[in-house]
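Trainee: One structure, as structure tokens, below. Some questions next.
In the numbering used here, the protein residues as written are 106 to 239.
As structure tokens, this is what we get:
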């Protein structure tokens, strides 16, 4: 059995760590440049999950990479913009593939979080996701 000592904890506290928050939203979309018969050209909806990850060395009095509440607030803002919307009608998401949704979210969050390292958008009911590493 391995015992964790204060020395080893202090060693790990100075190493880069990743923290992640997630949020859900419901939205509709269509992809108008698909082959006939693919079914993507019709308006349809999904339950989406978005995860954002920040990477850094914990610091400050609390030993945080970033305040999880501030990440949650930023995610809530993203959720409010996307939830129960037709994604095609949102500026920058006129062709809302998973890849473009990831990029759009990263573009919105990168100015707020210099340590943003990953944006992941999932459609769990279809076992699909896209991961953007920054």
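For glycine and all other residues, C-beta sits at the position ideal for the given N, C-alpha and C.
1) Around the Cβ of residue 55, are there at least 16 other Cβ atoms within 10 angstroms (buried) or fewer (exposed)?
2) If you pair each beta-carbon of the segment 224-232 with each one of the segment 145-162, do three or more pairs fall below 8 Å?
3) Taking residue 118 as the reference, which of 168, 126, 132, 158 has the closest Cα?
4) Using the C-alpha atoms, what's the distance from residue 162 back to residue 147?
5) Compare the beta carbon distance of residue 121 and residue 160 with 7 Å and say whether it is the shorter of the two.
6) Does the Cβ-Cβ distance between residue 239 and residue 221 come in under 7 Å?
7) Could you compute how far the alpha carbon of residue 207 sits from the alpha carbon of residue 232?
8) What would DSSP say about residue 222, mapped onto helix, strand or coil?
9) Could you give the uninterrupted runs of the beta strand (DSSP E) lying entirely in the segment 120-197, keeping only those of 3 residues or more?
Mentor: If we stick to the structure as given:
1) The structure shown does not extend to residue 55, since the chain is modelled only from 106 to 239, so the question has no answer here.
2) By the C-beta criterion, the segment 224-232 is judged to be in contact with the segment 145-162, since at least 3 inter-stretch pairs fall below 8 Å.
3) Position 13 of the chain shown, counted from the start, is the residue given in the question as residue 118. If we check each option's Cα against that of residue 118, 168 comes out closest.
4) One-based indexing of the chain shown puts residue 147 at position 42. One-based indexing of the chain shown puts residue 162 at position 57. Their Cα atoms are separated by approximately 46 Å.
5) For the purposes of this step, residue 121 is taken as residue 16 along the chain shown, with counting starting at 1. For the purposes of this step, residue 160 is taken as residue 55 along the chain shown, with counting starting at 1. The answer is yes: Cβ separation under 7 Å.
6) Against the chain shown, residue 239 aligns to sequence position 134. Against the chain shown, residue 221 aligns to sequence position 116. Yes, Cβ-Cβ distance for residue 239 and residue 221 is below 7 Å.
7) Here residue 207 corresponds to residue number 102 of the chain shown, with the count starting at 1. Here residue 232 corresponds to residue number 127 of the chain shown, with the count starting at 1. Approximately 16 Å between the Cα atoms of the pair.
8) Taking the first residue of the chain shown as position 1, residue 222 is located at position 117. DSSP places residue 222 in strand when its eight states are reduced to three.
9) 122-134, 149-161
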